[in-house]
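These notes concern the structure reproduced below.
Residue numbers (the working numbering), protein chains in the order written: chain V, 36 to 496; chain W, 296 to 541; chain S, 26 to 214.
Below, the structure is given as structure tokens:
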């Protein structure tokens, strides 16, 4: 394993600011509670989860067919359909469309896929101005940071940070921290960008095979405003975004925001099916590792994800380590099962960034068995030698001891003896014993249970 | 009914009183449990570290140890869950299948197998219940806040039935304590912070005795309690019931 | 140009996808389709609901709600800015108020369906500073299931709109009026 910082190193840095960690944890827990209230108030919620799960399972099981159906309908609707095998091809296709439109000003609404493909740097490098229009995305774009959450990209920042950024980049008053005023400043700044943009890029929440429509969900209305004004709309979608029927959207729109933020639905649930005469709608369908993940039976269910972020909000590790600690486009539990598919070595520590408490699985609106997949990725990583060698060897040794009761009993007495007679400063030295950085070791008892038991029943020995 | 007591490795070595209480409690309920002394561990530490292939001999040893018993009862939901859930990677011989279903957590055994839903006795203390995730979400021993606002569960009911016992109502009823097996050392900083936050919830809401059905969570929390010298005792629920039951 | 990728991707998917599983039948999930439920839901997401005495009361109600001298775009009231699907951006940008007809409402979440046919211009519902939607109160359905069942197709462009534009991207503080309309009023008749 490489010496690059892993999740534990990055979280340790996050945790240094105790107060901010508390704030981060409580803010996301508050969203989890809003989700809970919306879920409790929807009696059929668990039934909807099961339906959503089955619809997604079904779609994945016939994905090729649905992709072809979607393409045929979209083409009939006058939509241009593009296929991108990887991020590079996606970026090339988007740039080509922008160039063919002779455009230099692009406004982009929220899209985790374009983050995944690193589209912005590609466009910027080729002289195209690309402005993220979702408020959170714009904030982190100005700061040159990555999103730390799929729904709340700037959740790692406080209003003071935003005030500072807007003072530097938008010329707002120094020290401005009122979210209302900061949002208004962004509204004014971005409105000019919307009015000037020649191309609007959006993500896709759902693509409907039977109608060839793409559906985009936002609260801010930025996608609709940009797309409604620009001559060219490019919708970038992962190939797993399909649902078979228009009516399936009822199931997913009921689940998405209740799970994400506790809202009953997003403010704008927008269906784009046909471009107006003289305008263009392009859909770019992207693989970028998805077909490979589809071929992994233990992990293909991760492709059912609808990017609600509920697993992040509920994850006690995510809440205390922040999205950047995952160093992957999609952070949190879902990111930890998606990332090893992309780069097993780089993201080897992510499936271990969990206590396997299972809360992620229980909030997931499409019932992805996230914590089971975390456990299974650990086995894949272990078998591939992508865990620290020290761990690998200590586990082999442990196994030999645990399969031999005699060795086990002797080892246990040795450990207890050690704890009783080694000085506290040594047994609790942080360099040797990470347990003891914050915790006392168990007070060593005089004898083990097995020794006590043998004394009680001497004739059974 | 032939019952074996499964004593997880760390309980055997560091918390013998929990195993003793479990054994005595079962005896008071009319169950003479045996302790097959060749037992070691369920293999979870290896498997959670990504080395489940290395754990296979341990799984086989576990099955060989307990195959002749009708029930294998352990005072730790996490280990029980591991046996039931993750022993699926070895050949599913009749013995393996039997041991997987026969391995039961102590309070599931008492409530579901013995059918005892109330234990007599008094325990006049403010008690905070820590739900172990593997017990709650894995073995379905308690309601989950992800599904319902109703706080209910088997151990919670048993505790509430003790005379004089006042249960702490926590702000977050079922958040993980951060133990997580090897997670507690590989992600030591987060693990500690999660445990500290759990304890702060208990302190804020008046817990004087912290209990639960899983000694692994409690070992971690106890380490934090002692380091910070918090005003609470940490006891496995078996110790409480064994003490309360004459 | 992208044909090779198309074939490559479809082949990879075919090779990877598991055995077919059934597509479930989604139950109707009906419920209360009342004005009260719709109003409570929309009010809960920062929208406003006003019940009109009748269609004739529309103009008076709008001028009472927006008494100032607004630049108004509308297909159902005398407009001060004429808008069509090809209206240039510089004429759209200064619009203060749009009054449009909505097709139907959804009681469970306070959403209304706004098809392209009622929008005048695709950007009008978001470019306007304030938005008023007029809805026949008999056209309220219970849940999103009935809502989609109402739609034979979604047209070229159509939106389920639920309240004014909003954001909580700064410290989770709710702010109304992110990029789209700063207010949404549904007038029921």
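Beta carbons: idealized from backbone N, C-alpha and C, even for Gly.
Compute the beta-carbon to beta-carbon distance between residue i and residue j, rounded to the nearest angstrom, for a pair I have assumed lies under 8 Å.
i                     : j                     : result
residue 80 (chain V)  : residue 74 (chain V)  : 5 Å
residue 30 (chain S)  : residue 329 (chain V) : Contact doesn't hold; Cβ gap of about 16 Å is too wide.
residue 515 (chain W) : residue 471 (chain W) : With 8 Å as the limit, residue 515 (chain W) and residue 471 (chain W) do not qualify as a contact, their Cβ atoms being about 10 Å apart.
residue 130 (chain V) : residue 153 (chain V) : Actually they do not touch by this definition, with Cβ atoms about 12 Å apart.
residue 55 (chain S)  : residue 187 (chain S) : In fact, because the Cβ distance is near 20 Å, the residues do not count as touching under 8 Å.
residue 437 (chain W) : residue 448 (chain W) : 3 Å
residue 357 (chain V) : residue 59 (chain V)  : 6 Å
residue 299 (chain W) : residue 364 (chain W) : 4 Å
Relative to the C-alpha of residue i, which candidate in the options has its C-alpha closest?
i                     : options                       : result
residue 35 (chain S)  : V:274, V:177, V:183 and V:70  : V:274
residue 377 (chain W) : W:407, W:349 and W:340        : W:340
residue 501 (chain W) : W:421, W:401, W:415 and W:397 : W:421
residue 289 (chain V) : V:186, V:396 and V:343        : V:343
residue 242 (chain V) : V:287, V:168 and V:213        : V:287
residue 351 (chain W) : W:338, W:321, W:389 and W:521 : W:338
residue 124 (chain S) : S:139, S:55, S:131 and S:116  : S:139
residue 465 (chain W) : W:497, W:529 and W:299        : W:497
residue 202 (chain S) : S:177, S:79 and S:154         : S:154
residue 531 (chain W) : W:440, W:506 and W:522        : W:506
residue 471 (chain V) : V:463, V:478 and V:477        : V:463
residue 479 (chain V) : W:297, W:307 and W:302        : W:307
residue 396 (chain V) : V:132, V:381 and V:368        : V:368
Report buried or exposed for residue i, applying the criterion of at least 16 other Cβ atoms within 10 angstroms of its Cβ.
i                     : result
residue 64 (chain S)  : buried
residue 417 (chain W) : exposed
residue 343 (chain W) : buried
residue 431 (chain V) : exposed
residue 88 (chain S)  : exposed
residue 459 (chain V) : exposed
residue 456 (chain V) : exposed
residue 412 (chain V) : buried
residue 310 (chain W) : buried
residue 425 (chain V) : exposed
residue 327 (chain W) : exposed
residue 441 (chain V) : exposed
residue 76 (chain S)  : exposed
residue 182 (chain V) : buried
Can you tell me the Cα-Cα spacing of residue i and residue j, whole angstroms?
i                     : j                     : result
residue 189 (chain S) : residue 353 (chain V) : 31 Å
residue 346 (chain W) : residue 409 (chain V) : 13 Å
residue 68 (chain S)  : residue 405 (chain W) : 50 Å
residue 133 (chain S) : residue 94 (chain V)  : 27 Å
residue 427 (chain W) : residue 110 (chain S) : 60 Å
residue 319 (chain V) : residue 84 (chain V)  : 28 Å
residue 307 (chain V) : residue 250 (chain V) : 6 Å
residue 527 (chain W) : residue 423 (chain W) : 10 Å
residue 349 (chain V) : residue 407 (chain V) : 16 Å
residue 146 (chain V) : residue 270 (chain V) : 9 Å
residue 62 (chain S)  : residue 404 (chain V) : 35 Å
residue 127 (chain V) : residue 70 (chain S)  : 40 Å
residue 534 (chain W) : residue 313 (chain W) : 6 Å
residue 173 (chain S) : residue 184 (chain S) : 12 Å
residue 398 (chain V) : residue 440 (chain W) : 10 Å
residue 178 (chain V) : residue 203 (chain V) : 10 Å
- Please list the residues of the segment 151 to 180 of chain S that have a C-beta atom closer than 8 Å to any C-beta atom in chain V, keeping them in chain order. 151, 152, 168, 169, 170, 172, 173, 174, 176, 178, 179 and 180
- According to a CB-to-CB cut-off of less than 8 Å, which residues of the segment 298 to 311 of chain V neighbour chain S? 298, 299, 300, 301, 302, 303, 304, 305, 306, 307, 308, 309, 310 and 311
- Which residues, taken in chain order from the segment 333 to 351 of chain V, show a beta carbon closer than 9 Å to some beta carbon of chain S? 335
- Query: In chain order, what residues of the segment 421 to 434 of chain V put their CB closer than 9 Å to some CB of chain W?
  - Reply: 421, 422, 423, 426, 427, 429, 430, 431, 433 and 434
- Just by C-beta distance, which residues in the segment 46 to 68 of chain V are closer than 8 Å to chain S? 62, 65 and 66
- Query: Given a limit of 9 Å on CB to CB distance, which residues of the segment 157 to 172 of chain V reach chain S?
  - Reply: 168, 169, 170, 171 and 172
- Positions along the segment 469 to 483 of chain W whose CB lies within less than 9 Å of some CB in chain V: 469, 470, 471, 472, 473, 474, 475, 476, 477, 478, 479, 480, 481, 482 and 483
- Item | Residues from the segment 37 to 51 of chain S in contact with chain V, defined by Cβ distance under 8 Å | 37, 38, 39, 40, 41, 42, 43, 44, 45, 46, 47, 48, 49 and 51
- Item | Contacting positions in the segment 351 to 373 of chain W - beta carbon closer than 7 Å to chain V | 352, 353 and 356
- Query: Name the residues in the segment 357 to 385 of chain V whose C-beta lies less than 7 Å from a C-beta of chain W; which are they?
  - Reply: none
- Residues of the segment 320 to 341 of chain W with Cβ closer than 8 Å to any Cβ of chain V, in chain order: 330, 332, 333, 334, 335, 336, 338, 340 and 341
- Chain-ordered residues of the segment 400 to 432 of chain W with a beta carbon less than 7 Å from chain V: 428 and 432
- Chain-ordered residues of the segment 99 to 131 of chain S with a beta carbon less than 7 Å from chain V: 110, 114 and 118
- Task: Using a Cβ-Cβ cut-off of less than 7 Å, give me the residues of the segment 461 to 478 of chain V that come near chain W, in sequence order.
- Result: 469, 470, 472, 473, 474, 475, 476 and 477
- Message: Which residues of the segment 268 to 282 of chain V have a Cβ closer than 9 Å to any Cβ of chain S? Give them in chain order.
- Response: 274, 279, 280, 281 and 282
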